[in-house]
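Report on the following structure.
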Amino acid sequence: MGSSPSWYFSRMQIQDLQTGDKYFFLCEQWLSVDEEDGLIDRMIPIAGKAELTSFNYLFWSKTKHNLADGHLWFSIFQRPARSNFTRVQRLTCCLALLFSTMVSSIAFYNVGTGSNPQEYKLGPVSFTMQGLYIGIVSGLMCFPINLIIVCLFRYAKPRPIKKKPKVFPNKEKREDGTKEGSKSLTDLKRSKSALSLPRQKSDVNIDFVEDELEQQRDYLDTGDTKKKIMSEVPPAKQTEFPHNAQLVSFEKDGRKSRGKLPWWIIFVAYVLSLITVGVAFWASVEFGGVFGMQKSLDWLLSFFVSFFESIFFSQPIKVIVLAIFYALVIKKPEANEDEAQLPTQITNDEELLHKPLTEKDLEDPQVLKMLENLKAQAPLPPEMDFLETVRKERAKELAMFGMLKEIAICIVFINFILTIAYTNRDPWSYKMYANYDNIFNKAEFSTNYSMKFHDIKSRGHFWNWTEHALLEGLYGNTVYNGDASPETRLTQDMQAFLIGGARLRQLRIIPDLCYSPLNYFTVECMREYSMGDEQRDTYGIQWVTVNNSDPLFGAHPFFTYQDGSTLSGYPYWGIFATYSGGGYVAELGTTYDSAAEVVQFLKNNFWIDKYTRAVFIEANLYNPNMNLWGISMYLCEFLQQGAVEPFPRFHIFRLDRYVQGDFMYFVLSVEIISIAFVIFYTVKEVRKIQSQGPKYFKEFWNLYEVFTIAIAYAIILVFIYRAAISAQMMKKIKDDPNSFTNFYFAILWDDLSGWFIGILTFLLTVRFLHLLRFNKKIALLGNTLYYTAQPLLSFLFVFMLALLAFACLAYLFFNATLYDFRSYMVTIQTLLSMMLGKFDYNNAMRSKAGPFIFGFFSLCFSFVLINFFLTILIDGFESVRQDPENQTNEHEVVDYLMKKLKLMMGIGGPPKKRMPQFVQDPRLSKYVYIEGKTPDQEKIGKLDDKVDTMLQKMEGMIDKPEDEDELEKEIEKVKNRRKRKIVGSQ
1 MGSSPSWYFS RMQIQDLQTG DKYFFLCEQW LSVDEEDGLI DRMIPIAGKA ELTSFNYLFW
61 SKTKHNLADG HLWFSIFQRP ARSNFTRVQR LTCCLALLFS TMVSSIAFYN VGTGSNPQEY
121 KLGPVSFTMQ GLYIGIVSGL MCFPINLIIV CLFRYAKPRP IKKKPKVFPN KEKREDGTKE
181 GSKSLTDLKR SKSALSLPRQ KSDVNIDFVE DELEQQRDYL DTGDTKKKIM SEVPPAKQTE
241 FPHNAQLVSF EKDGRKSRGK LPWWIIFVAY VLSLITVGVA FWASVEFGGV FGMQKSLDWL
301 LSFFVSFFES IFFSQPIKVI VLAIFYALVI KKPEANEDEA QLPTQITNDE ELLHKPLTEK
361 DLEDPQVLKM LENLKAQAPL PPEMDFLETV RKERAKELAM FGMLKEIAIC IVFINFILTI
421 AYTNRDPWSY KMYANYDNIF NKAEFSTNYS MKFHDIKSRG HFWNWTEHAL LEGLYGNTVY
481 NGDASPETRL TQDMQAFLIG GARLRQLRII PDLCYSPLNY FTVECMREYS MGDEQRDTYG
541 IQWVTVNNSD PLFGAHPFFT YQDGSTLSGY PYWGIFATYS GGGYVAELGT TYDSAAEVVQ
601 FLKNNFWIDK YTRAVFIEAN LYNPNMNLWG ISMYLCEFLQ QGAVEPFPRF HIFRLDRYVQ
661 GDFMYFVLSV EIISIAFVIF YTVKEVRKIQ SQGPKYFKEF WNLYEVFTIA IAYAIILVFI
721 YRAAISAQMM KKIKDDPNSF TNFYFAILWD DLSGWFIGIL TFLLTVRFLH LLRFNKKIAL
781 LGNTLYYTAQ PLLSFLFVFM LALLAFACLA YLFFNATLYD FRSYMVTIQT LLSMMLGKFD
841 YNNAMRSKAG PFIFGFFSLC FSFVLINFFL TILIDGFESV RQDPENQTNE HEVVDYLMKK
901 LKLMMGIGGP PKKRMPQFVQ DPRLSKYVYI EGKTPDQEKI GKLDDKVDTM LQKMEGMIDK
961 PEDEDELEKE IEKVKNRRKR KIVGSQ
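Per UniProt numbering: the sequence shown ends with 986, consecutive numbering throughout.
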C-alpha cells in the first residue's frame, strides 16, 4: 500500500520470549509486483549456521549495524531502537570531540610569524597544505579521549527500575465461592500449564509443580512478593523441531554480562565530557585570542578539516575494518551486546492479546473448530490473473511517477545549465565591444585625420591608422580638453587600462622563382601564405642580410623571427589563410612616446614590404569596473594580388569569473550541483546498460543520452582547464606587469567552453521535448518525423545535389566580380542565405547573367524543392494521425495521471469492478447457430473442398494395410472434425 508498496525482504529474526532462542530467515529478494519475478509471497526456510557465518552476511550485517551504532555522527540519527547508548550521550561525545579537536590544533599555531606556506584558492576559500595536515593530525590526537568517553557510555548497564507493588482491590466473593482478586486452583494450573508448555516434553515432578502452585496462590491472596515465583522465567532450552532444521542458539554467557560497567558510570562519563569541553573552551579563548586574522582563518580551516576527517575518514574506516575482521576471523553470528533484552513477561501496563492455550484446550472440539475458522479466514496468496492486473496498474503508476520525476529533474537541470550558459558571457560584453570598435575600427575618437581600420586598402593606409587611431586609442595621453592625462596607462575612453603594452607581429613569405612564361617579365614571384613556407630567417634593419662582422648590418630584434613557443602563440584562422603563432615582433611599449617612436622607426625602415602577408595588432585591455578583458586580435592580410584585407576582432571575456560579487559564488554552487546532476545521469545510464545489455545501444535515445553525458563531462574538463589557464595568466601579469602577455590560448579555451555549453543547451532542450512525448500533439510530431525519415533522407540527397550544382554555376560566374562569391564555400553560404531572403540583390543584378541565375535558383528552391519538403511532412503527418499503429501508446500514462488527479479532487469515481470472464458460470452461456456465411467462412469452405479432393487422391495412391478399417476410421474422423459447425457464445 502507499506510494512505495515494494518491500525488499533482506532477513528476518524471530525470538522465542520463553526459551530465548532466535531464528533467522534470509531471503534477499523483492516482495513486489514490479521487481524481479513479481511475486509477493514466498516460502523462506530457516537459515542454518553455514548461511549465518558466510562472509557476505556477516560483513554487510555488521557494517550496517556499525554505521547505525558505531559511527559516532551517523548514529545520532540512525541509533538502534533498543540501544542503551542514548542520543543525548552520543551528542555529548560529539561535543567533547569538537572542543578537543579545536584545542589540539592550537598547539600547531604559535604566535610567531614563521614561514608563509603556499596558499591554494578555491573560489572564496583559500587553504594551505600545512592547514590540512594540522587538521588530520589533530583529529587523530583527539581519538583516545573520545574513545574512553564513548566506552563509558556504551558499556554501562541500564539503570535498574524500581517496581511498584500491586494494589489489589477489596476481595469480594464470586458466585463460584472464590474471592475476586484471587484465582482458583484450576485457573492457576491452566496458567502454569500455559507458561510451562514448551517444557512439557521433559520430565516434570508433579509434586513440585503442585507446591509451586500453592505458593503462588498464597502470593495472590496476601500480596507477599517473597512468595511470587510465577514471574520467574524457566531456563532457556532449545526447542525441538519435527524436521531436521539446524538451530543456531544466541545464548549470552555470564562472562559478557559480568563485563558490563555499573550503571552509575554514565555520571563519570558526563563529568569527563564537561571537563574536556571546559578545558578546551578555556584554552581556545586563552591561546587563540592572540591570533591574527589570517592565522585564525587557518585555525578554523584545520578545525573543519578535522571535523570532516572524523565523519568521512576515520569513523567509516573503523566501521569497515571491524566488519572485515568480524567476518573473516570471528565468524560468529551472535546478537548485539548493547541492545536491551526483550522482556519475557508482560508488565503492569500490558495485557495478552489472546488467552494462552494448553494441551487440554487443544483437545476441545470447539477450540479446534475455532482454530480451523481462523485458518480459513487467513488470506490466501493472490491468483496469477489478479497479479497480472495489478502489475499492469503498477506499471502505469510507476510510469506516471517516473515521468513526473524525470520531467522535474530535467527542468531543474536545464535551469542550472542555462544559468551557467548565460553567466558564461557578460551581458555588457557587447557594449564594451562596440566601444572598442568605435575607438580602433571606426577611429571616432581620433583627434587627427585617421583612416578607419575596415577601410585600409594599402600599406600607407595601415601606417596612417596605426599612427593616429591605434596609438591615440591605446595611450590616452590627453583628456577631452587637451590637458595631459594623470594616468598614462588609461585608454582613450579613460575606463580601461592597457596591460603590458602592445605589439605588432608580422608573418612573411619566402620569395620564389617564377616559372615560364612568367619568368620573361620578372625573376621573383610572391605566392600566397603557407605555414610551411613562411620566412624564419633573421635580418638586420630594412631586411638586409645579417653580417656579424659589420655592426651596421647586425641582427635587429624587430627583424628577428620568434617561433610560436617563444611567443606563446597558436595558429590563427584568418579570412584567406591560417597563420602561425610566431613571427617578427615589434614591442610598442607602455607609453605613447615609446610607441610613436617604434612606429616611426618601422615605417622608415620598410618593416612592411611586398613579402609581408599578415600583420597582427595585439593588445590587452582591462576594465576593472566590469572585470572584463578586451583582447585585440586585429589582423591585416596583405595578399599576393596587392590588396589588403582588414579583419577587426576584439575578444571580450572575464578571466577570473568568481570575483564579481556574491552572485558569482552562487554560480559556482550551481556549477558544483550541475556536476552532481551529471554524475546522477551517469549512474542512471550505467544501470540501464547493466540491465539491458547490448540492446541498450540499439535505441536512438539511449545513444543520445550517452552523447549528452559525454558533452557534459567535456564541459567539466574544459571549465577546470580554463580556470587553471586563467590562474597562470594572472600570475604572469602579476610577476611582470610591463611585459606583453599573450592571451590567445586562454581565448581558445573560452571559445571552446562557449561552444560546448551551447551544444549541451541545445541537446537538453531537445531531450526535454522528448520527455514531453506523453503529450499527444508532441508525440504526433515526433512520430511524423520518424515516419518520414526515409523520404526526407532521399529529399536531402536531391537537395544537396541541386545546391552543389547551383554553387558551381554561381562561383564560375561571379567569383571575380562579387565579394560574396569569392570562394566555393562562401558561395554555398551565400546561396543558403538567399533562400532566407538575406542577400544583396543590387550588386547581383549588375552582372549580365545575375537576374537569370538568381531567378532560376529562387524558382527551383523556394517554390519547387521547399514545396516538395512540405508535401512529405504533410503526407506523413496525415498518415500518422489516421493510423493508430504508427502512434505510440505512451499517452496512456497521461490518461492515467488525469484519472488519478480527478479521483484526488473528487471528480468522478473509480470504475465499477466487473467480474473477470474466466469466473463466469459456463452453464449461463447459450449456443446459437450463425445463419448465412461470411466471406471468411466461404474461404474456409473452399479450403475444405480442396482438402477433400487431396485426401481422395491420396487414398488411391496408398496401399491399404491389413488394418484398413482403422485407417478409414481415422480419415472419417478428420473429415468430421473439419465439418463442425461454427458456433458462438452470447
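Beta carbons: idealized from backbone N, C-alpha and C, even for Gly.
In this text, all values refer to a predicted model and were calculated from it rather than measured experimentally.
With H, G and I counted as helix, E and B as strand and the rest as coil, what does DSSP make of A643?
coil
Residues in the same chain with beta-carbon distance under 8 Å from M12, minus the five sequence neighbours each way, listed in chain order, please.
F24, F25, C27 and I44
Beta-bridge pairing of S794 - partner residues as DSSP gives them
Note: S794 sits in no beta bridge, so no partner.
Let me know the secondary structure DSSP gives S6 once reduced to three states.
coil
Name the residue from R822, L818 and S858 whose alpha carbon lies nearest to the alpha carbon of D840.
L818
Note down the Cα distance separating S302 from S310, rounded to an integer number of angstroms.
12 Å
Could you pull out every unbroken alpha helix (DSSP H) segment of at least 4 residues lying fully inside the segment 782-831, listed in chain order?
789-814
Count the other CB atoms, across all protein chains shown, that sit within 10 Å of the CB of M800; report buried if there are 16 or more and exposed otherwise.
exposed
Roughly how many angstroms lie between the CA atoms of V277 and Q89, to the nearest whole one?
14 Å
Is it the case that the Cβ atoms of S446 and A469 are separated by a distance below 8 Å?
yes
Sufficient close CB pairs (3 or more, under 8 Å) joining the segment 683-699 to the segment 617-627:
no
Local Cβ density within 10 Å of S753, reported as buried at 16 or more and exposed below that:
buried
Following the continuous beta strand (DSSP E) through L628, name the residue where it begins and the one where it ends.
L628 to F638
Mind checking which residues open and close the beta strand (DSSP E) that includes T761?
No beta strand (DSSP E) contains T761, which is instead part of the alpha helix (DSSP H) from Y744 to L771.
Rounded to whole angstroms, what is the Cα-Cα separation between E444 and N438?
6 Å
Using the Cα positions of L72 and I14, report the straight-line distance between them to the nearest angstrom.
29 Å
Apply the 10 Å Cβ neighbour rule to A586 and answer buried if 16 or more other Cβ atoms are within range, or exposed otherwise.
buried
Since C27 is in the alpha helix (DSSP H), which residue starts that stretch and which ends it?
Careful: C27 lies outside any alpha helix (DSSP H), inside the beta strand (DSSP E) at K22 to L31.
Sequence-distant residues of the same chain with beta carbon closer than 6 Å to P5, five excluded per side:
none
Can you pull the DSSP bridge partners for E618?
R503 and M633
Three or more C-beta pairs below 8 Å linking the segment 422-442 and the segment 782-791
no
Between the CA atoms of N627 and R881 - distance to the nearest angstrom:
55 Å
What separation, rounded to the nearest whole angstrom, lies between the Cα atoms of V319 and L67?
7 Å
Please report the straight-line C-alpha distance between M915 and E388, rounded to a whole angstrom.
Residue confidence for M915 is low, a pLDDT of 44 falling below 50, so the modelled location carries little weight; the figure read from the coordinates is stated next. Their Cα atoms are separated by approximately 15 Å.
In or out: Q542 buried (at least 16 other Cβ within 10 Å) or exposed?
exposed
Which one of S833, K942, Y744 and D736 has the shortest CA to CA distance from F653?
Y744
Among V33, W755 and G782, which one has its Cα closest to the Cα of E383?
V33
Have a look at G554, G38 and G20 and flag the residue whose alpha-carbon is nearest the alpha-carbon of W7.
G38
Given a threshold of 16 other Cβ atoms within 10 Å of its Cβ, counted over all protein chains shown, does F312 qualify as buried or as exposed?
exposed
Three-way DSSP call (helix, strand, coil) for T545 in this model:
strand
Using a Cβ-Cβ cutoff of less than 7 Å, which residues in the same chain neighbour I575 once the five nearest sequence positions on both sides are dropped?
E637, E645 and F647
Residues in its own chain within less than 6 Å of Q829 by CB, not counting five upstream and five downstream?
none
Buried or exposed: T949, going by 16 or more other Cβ atoms within 10 Å of its Cβ?
exposed
Note down, in chain order, each residue of its chain lying with its Cβ closer than 8 Å to the Cβ of F55, except the 5 sequence neighbours on either side.
A327 and L328
Three-way DSSP call (helix, strand, coil) for W573 in this model:
strand
Continuous beta strand (DSSP E) assignments of at least 3 residues falling wholly in the segment 640-696:
644-647 and 650-653
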